[in-house]
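Notes follow once the structure below has been shown.
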Amino acid sequence: MNRVSEVFGIKYPIIQGGMVWCSGWRLASAVSNAGGLGLLGAGSMHPEVLREHIVKCRNATDKPFGVNIPLMYPEIEAIMNIVAEEKVSVVFTSAGSPSKWTGFLHDKGIKVAHVVSSARFAEKCEAAGVDAVVAEGFEAGGHNGREETTTLCLVPSVRRAVSLPMIAAGGIATGEAMYAVMSLGAEGVQVGTRFALTEESSAHPDFKTLCLKLGEGDTKLMLKLLAPARLIRNDFFNKVEEAELRGASADDLRALLGRGRAKRGMFEGDLSEGELEIGQAVSLIDSLPSAAEVVAQFVEGYNMACSRMSSVGPI
Numbered sequence: 001m002n003r004v005s006e007v008f009g010i011k012y013p014i015i016q017g018g019m020v021w022c023s024g025w026r027l028a029s030a031v032s033n034a035g036g037l038g039l040l041g042a043g044s045m046h047p048e049v050l051r052e053h054i055v056k057c058r059n060a061t062d063k064p065f066g067v068n069i070p071l072m073y074p075e076i077e078a079i080m081n082i083v084a085e086e087k088v089s090v091v092f093t094s095a096g097s098p099s100k101w102t103g104f105l106h107d108k109g110i111k112v113a114h115v116v117s118s119a120r121f122a123e124k125c126e127a128a129g130v131d132a133v134v135a136e137g138f139e140a141g142g143h144n145g146r147e148e149t150t151t152l153c154l155v156p157s158v159r160r161a162v163s164l165p166m167i168a169a170g171g172i173a174t175g176e177a178m179y180a181v182m183s184l185g186a187e188g189v190q191v192g193t194r195f196a197l198t199e200e201s202s203a204h205p206d207f208k209t210l211c212l213k214l215g216e217g218d219t220k221l222m223l224k225l226l227a228p229a230r231l232i233r234n235d236f237f238n239k240v241e242e243a244e245l246r247g248a249s250a251d252d253l254r255a256l257l258g259r260g261r262a263k264r265g266m267f268e269g270d271l272s273e274g275e276l277e278i279g280q281a282v283s284l285i286d287s288l289p290s291a292a293e294v295v296a297q298f299v300e301g302y303n304m305a306c307s308r309m310s311s312v313g314p315i
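Using full-length UniProt numbering, the first residue of the sequence shown is number 1, and each one after it goes up by one.
Right, dumping it as structure tokens:
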């Protein structure tokens with residue numbers, strides 16, 4: 001058993017990303033039941049909605065599951081109190097300083113992993129005492145690092161910087177990709193896009209169907225003056241691109257974004273004016289399997305890569 005599996009008490013070191021508007025209790029419990037670690041996406045839930053999903057997830061699985069919490073969430077104290085009250089065993093944090101809440105969560109017996117986009121922030125995580133770090137590269141969907149460092153460059157850099165158990169994320173949609181990042185020093189993977197496009201994902205069916213048609217270059221990192229997000233090209237994307245090209249300010253972009261645009265796109269299915277977030281690995285995906293099938297495919301692909309490379313031998 002590797003360190004990631006040991007820390008979180010799971011069979012396979014495969015973590016489902018806690019994606020807004022995709023990661024509800026059905027997806028999280030399905031991944032956990034299949035041997036991975038399912039995460040609820042608190043970033044798109046009001047506090048009491050999160051509590052409801054935690055209760056439903058616990059009723060649907062007896063395996064470990066967790067909650068992903070963006071630390072810039074406006075109701076962060078209420079969210080943290082709920083995960084403590086509900087005795088959630090794992091929290092993945094992102095978009096903020098890991099030092100602020102790690103002690104609080106540890107005092108409640110909760111394991112903590114923090115998502116980073118640079119080795120410098122990984123070092124801060126180690127100093128803050130987190131249990132694991134997620135090195136997420138530029139290929140990832142949703143909110144992303146400003147550094148635009150790719151996963152294959154970030155993972156070995158973070159591995160050199162810290163001794164923590166490390167999980168790789170960004171552009172990982174197959175077991176073969178899992179093997180690649182493990183060979184660079186990762187001890188597990190966090191997978192978003194592949195799990196977003198499954199039967200149990202709470203994303204709108206029209207959003208899922210659109211994603212199956214996307215190719216290379218159909219997503220791009222935008223809104224860099226706010227919180228960088230990888231978006232699908234649509235009418236809203238074009239408006240953002242036009243605004244950025246003419247030198248729009250952060251306030252201009254904030255006004256253009258408005259409120260609830262990600263929900264409008266990914267959850268309600270407005271493919272024209274919604275904010276549609278997905279990772280670059282979407283171009284590799286052409287089906288909507290169950291979450292359990294995805295976990296099985298990862299395990300099979302990883303094991304096949306191990307066998308293939310052992311037969312190749314040294315060069």
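Positions of the beta carbon are idealized from the N, C-alpha and C atoms, including for glycine.
Legend entry - As assigned by DSSP and simplified to three states, the class of V90: strand
Legend entry - Beta bridge counterpart(s) of I167 as assigned by DSSP: V134, G188
Legend entry - M309 - containing alpha helix (DSSP H), residue span: M309: member of the alpha helix (DSSP H) spanning 291-312, first to last residue.
Inset, instruction - Could you check how far apart the C-beta atoms of V133 and H114 are, in whole angstroms? I think they sit under 8 Å. - result: 6 Å
Inset, instruction - Please report the residue range of the beta strand (DSSP E) in which F65 lies. - result: 65-70
Inset, instruction - For my contact list, R146 and K224 are in at a C-beta cut-off of 8 Å; report their separation, rounded to the angstrom. - result: 7 Å
Inset, instruction - Identify, in the order they occur along the chain, each residue of the same chain with its Cβ nearer than 7 Å to the Cβ of H204, setting aside the five sequence neighbours on each side. - result: By the criterion of a C-beta distance shorter than 7 Å, H204 is surrounded in its chain by M266, F267, E268, G269, once the five residues flanking it on both sides are discounted.
Legend entry - Spatially closest choice to A122 from T150, L164, P64, by CA coordinates: Selected option, being the one with the closest Cα: L164.
Inset, instruction - Below 6 Å CB to CB, which residues in the same chain sit around C211 once its five sequence neighbours on both sides are set aside? - result: L197, I278, V282
Inset, instruction - With a threshold of 16 other CB atoms inside 10 Å of the CB of M222, please say whether the residue is buried or exposed. - result: buried
Legend entry - Residue from L37, R120, E86, D62 with nearest C-alpha to E48: E86
Inset, instruction - Quick one: residues in its chain with C-beta nearer than 7 Å to the C-beta of V294, no 5 flanking neighbours on either side, listed in chain order? - result: R194, F195, T198
Inset, instruction - Please list, in chain order, all residues of the same chain as R261 whose beta carbon is under 8 Å from its beta carbon, the five residues on each side excluded. - result: F236, E273, G274, E275
Inset, instruction - Give the DSSP bridge partners of L37, in chain order. - result: I15
Inset, instruction - Count the other CB atoms, across all protein chains shown, that sit within 10 Å of the CB of V312; report buried if there are 16 or more and exposed otherwise. - result: With fewer than 16 other Cβ atoms inside 10 Å of its own Cβ, V312 counts as exposed.
Inset, instruction - Can you say whether I315 is buried or exposed, counting buried as having 16 or more other CB atoms within 10 angstroms of its CB? - result: exposed
Legend entry - Bridge-paired residues (DSSP) for A229: H143, M222
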